[in-house]
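Asks: This is the structure, below, for whatever I ask next.
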Amino acid sequence: MKTFPSDILIVGSGPGGATTARELARAGKKVLLLERGVDQRKSAIYGTYLGALTYTDRMSLLFTQEGLNIVRPMMVGGATSMYCGCAAPPPAWFKDKYKIDLESETESTINELKIEPLAPELRGEASTRLAQAGKALGYDWQPQLKFMKPARCPNGFDCGAKCMLGCRCGAKWSAAEFVDDAVSLGATLITNATVHRVTYEGGAVTGVEGRIGGDPFVAKANTVIIAAGGIGSPRILQASGFKEAGQGMTMDTTVMIYGFIKERGNGNEPPMTWSWENLEEGYMLSTLIDPWLLYPMMMAIKDVRYALQWHKWNNILGVMIKLKDEISGGVFADGRISKPLTVRDRERLGRAEEICKKILVEAGADRSNLFMTPLRGTHPSGTVRVNHLVDTNLQTEVKGLYVCDASVFPEALARPTVLTIIALAKRLANGILPKVAEPSGG
Ligand SMILES: Cc1cc2nc3c(=O)[nH]c(=O)nc-3n(C[C@H](O)[C@H](O)[C@H](O)COP(=O)(O)OP(=O)(O)OC[C@H]3O[C@@H](n4cnc5c(N)ncnc54)[C@H](O)[C@@H]3O)c2cc1C
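For the sequence shown, position 293 (counting from the first letter as 1) is numbered 293 according to this note's numbering, and the numbering increases by one without interruption.
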């Protein structure tokens, strides 16, 4: 059996794992980063429909018991390889309610990655029209902050919303770039490495066990950071004896409301260039429709009649709702995932839907055939919550065992998650661990 000594072991290379790996490598720690997927960026199918099927869990056909579709990318960079490149600062309640202050980490990330909205001429005509319709109705739509730099595209910015399959034009920042930084600073990345469980003795962590390809391996360290995402992290903890891991989850349950217009819709425009948050009700609206080939797949789940409208894809105008769903269901040890909407969730979703319909009509959509897509979940989170399974330092009851990813959210964000996860990871790596971590385990 292979063994790997290190100071600090990190499981998962999404924004949580990649950021902690980079910051700790920068601080001179011997970091071992274990990722179950591989680096897809140089693959010929990266950023294509075929690619998107290959590097997502169950070829994107992962469903909760209630039928909610979950897109779960598994590769170097985690879900940021397929995200829409949107950024939002952590909600104020992180500091006010949970005493987790992420201000300086957020600011440093915004400055470093030059996070800002796309230039007005790149926000898309149809998307801008939707935002203007929203504003005309009294909803204060704003240009969405983006992890996107069109100037980085060697052959010109040609987003076409295909960045949700994996960015091919190069504009979008992904956590794989922080993995590159970590490796160049001396961290070791092992791909195809699936961690099954954490080991501990006398209340202190000793390492992890799993498989690299088909071969078992053991890695030892006295600091372990689990960053395998909202579904992966509770599963590892369950297998390690944490019975309450995965009990309850949040998802920012998402739907799109579509209408048809005579002009070109927002399908080929960069995703989510404008948004509006209703903090009182707990949801966010943004400009988005499913990429071309995903449209019939998603709509077939609803009803084949909607899938047959595929030929009108170019004329669809879409608004996305992200709901601050209440904690419910969970990720269970037998493989099931459940995410029922509560009565209150359904009521708020219904009211958000009505507002979207008004906006679509104001933007010129035909009132007679507006419709909602099936429910889906792109932010599985809240499965290893702060103040439940980890403390505000993100440490579990096992000394030296931390969790740092979307699973620690104590409640749904209902906004883009990545900037918050990066800030949490910087706070852990630079603020918390230097004060508590012991010297090398070896
Ligand atoms: C289509 C889509 C669009 C999105 N758009 C946005 C957006 O615009 N803005 C935004 O902020 N957020 C967006 N999100 C959400 C965001 O990408 C995720 O919330 C975020 O990446 C979660 O980060 P994480 O570190 O928790 O985990 P992940 O990014 O999920 O990374 C976890 C990693 O751990 C690995 N892993 C899992 N299990 C194991 C194991 N047992 N052993 C080893 N490795 C393991 C996985 O392969 C994965 O690489 C989007 C998500 C999707 C799917």
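Virtual Cβ for every residue (Gly too), placed ideally from N, Cα, C.
Just so we're clear, the structure is a prediction, and the values are computed from it rather than from any experiment.
Reducing DSSP to helix, strand and coil, say where L53 ends up.
Replies: On the sequence shown, residue 53 is found 53 positions in, with the first residue counted as 1. Looking at L53 - three-state DSSP - the assignment turns out to be helix.
Asks: Quick one, are the C-beta atoms of V331 and M249 less than 8 Å apart?
Replies: Taking the first residue of the sequence shown as 1, we reach residue 331 at position 331. Taking the first residue of the sequence shown as 1, we reach residue 249 at position 249. Yes, they are a contact pair.
Asks: For Q144, does the three-state DSSP call read helix, strand or coil?
Replies: Along the sequence shown, one-based indexing puts residue 144 at 144. In this structure, Q144 counts as coil in the three-state DSSP scheme.
Asks: Taking only the alpha-carbon atoms, compute the straight-line gap between P271 and T378 and give it to the nearest angstrom.
Replies: Reading the sequence shown from its first residue, position 271 is the one you call residue 271. Reading the sequence shown from its first residue, position 378 is the one you call residue 378. If you take the alpha carbons of P271 and T378, they lie about 14 Å apart.
Asks: Should M59 go down as buried or exposed, given a rule of 16 or more other Cβ atoms within 10 Å for buried?
Replies: As a first step, residue 59 is located in the sequence shown; it is residue number 59 there, counting from the start. M59 comes out exposed.
Asks: Check whether the Cβ atoms of A406 and I421 lie closer than 8 Å to each other.
Replies: By 1-based counting over the sequence shown, the position of residue 406 is 406. By 1-based counting over the sequence shown, the position of residue 421 is 421. Result yes, Cβ atoms of A406 and I421 sit closer than 8 Å.
Asks: Per DSSP, what kind of secondary structure is E209 in: helix, strand or coil?
Replies: Here residue 209 corresponds to residue number 209 of the sequence shown, with the count starting at 1. Correct three-state label for E209: strand.
Asks: Contact between the segment 364-375 and the segment 389-399 is defined here as three or more beta-carbon pairs at a separation below 8 Å; is this criterion met?
Replies: no
Asks: In the segment 379-432, which residue ranges form an unbroken alpha helix (DSSP H) of at least 4 residues, counting only runs that do not cross its ends?
Replies: Taking 4 residues as the shortest admissible run, the segment 379-432 contains the following complete alpha helix (DSSP H) segments, listed from N- to C-terminal end: 418-426.
Asks: State buried or exposed for T20, treating a residue as buried only when at least 16 other CB atoms are found within 10 Å of its CB.
Replies: For the purposes of this step, residue 20 is taken as residue 20 along the sequence shown, with counting starting at 1. That one is buried.
Asks: Quick test of your reading: V408 and R385, contact by CB under 8 Å. State the CB separation rounded to the nearest angstrom.
Replies: On the sequence shown, position 408 is the one that residue 408 refers to. On the sequence shown, position 385 is the one that residue 385 refers to. Confirmed, Cβ separation roughly 6 Å.
Asks: Within the present structure, is the beta-carbon of I421 separated from the nearest heavy atom of ligand 1 by less than 7 Å?
Replies: Within the sequence shown, numbered from 1, the residue matching residue 421 stands at position 421. Distances from the CB of I421 to the heavy atoms of ligand 1 include at least one below 7 Å.
Asks: What span of residues does the beta strand (DSSP E) with G318 cover, start to end?
Replies: For this step, residue 318 is matched to residue 318 along the sequence shown. Per DSSP, G318 belongs to the beta strand (DSSP E) from 316-323.
Asks: Which one of G265, K99, D57 has the shortest CA to CA distance from I443?
Replies: Residue 443 is absent from the structure shown; the chain starts at 1 and stops at 442.
Asks: Tell me the rounded alpha-carbon separation between A193 and G85.
Replies: Taking the first residue of the sequence shown as position 1, residue 193 is located at position 193. Taking the first residue of the sequence shown as position 1, residue 85 is located at position 85. Each residue's Cα considered, the two are about 27 Å apart.
Asks: Once you ignore the five residues that flank P291 on each side, which residues in its own chain have a CB closer than 7 Å to its CB?
Replies: For the purposes of this step, residue 291 is taken as residue 291 along the sequence shown, with counting starting at 1. If we look at P291 and ignore the five residues flanking it on each side, its Cβ neighbours are A161, K162, M164, L165.
Asks: Taking 8 Å as the cut-off, decide whether the C-beta atoms of W141 and K135 are in contact.
Replies: Walking along the sequence shown from the start, residue 141 turns up at place 141. Walking along the sequence shown from the start, residue 135 turns up at place 135. Yes, they are a contact pair.
Asks: Going by beta carbon distance, what residues of the same chain come within less than 6 Å of S440, once the five residues before and after it are set aside?
Replies: For the purposes of this step, residue 440 is identified with residue 440 of the sequence shown, where counting begins at 1. Note that S440 scores a pLDDT of 46, beneath 50, so its modelled location is shaky and nothing firm can be said.
Asks: Should A175 go down as buried or exposed, given a rule of 16 or more other Cβ atoms within 10 Å for buried?
Replies: Translated into the one-based positions of the sequence shown, residue 175 becomes position 175. That one is buried.
Asks: Since V11 contacts I226 with CB under 8 Å, what's their CB separation in whole angstroms?
Replies: In the sequence shown, residue 11 corresponds to position 11, counting from 1. In the sequence shown, residue 226 corresponds to position 226, counting from 1. With a Cβ gap of about 5 Å, V11 and I226 count as contacting.
Asks: Are the CB atoms of W2 and I212 nearer to each other than 8 Å?
Replies: Residue numbering aside, residue 2 sits at position 2 when the sequence shown is read from its first letter. Residue numbering aside, residue 212 sits at position 212 when the sequence shown is read from its first letter. Residue identity check: residue 2 is Lys in the sequence provided, not Trp. A contact, by the Cβ cut-off of 8 Å.
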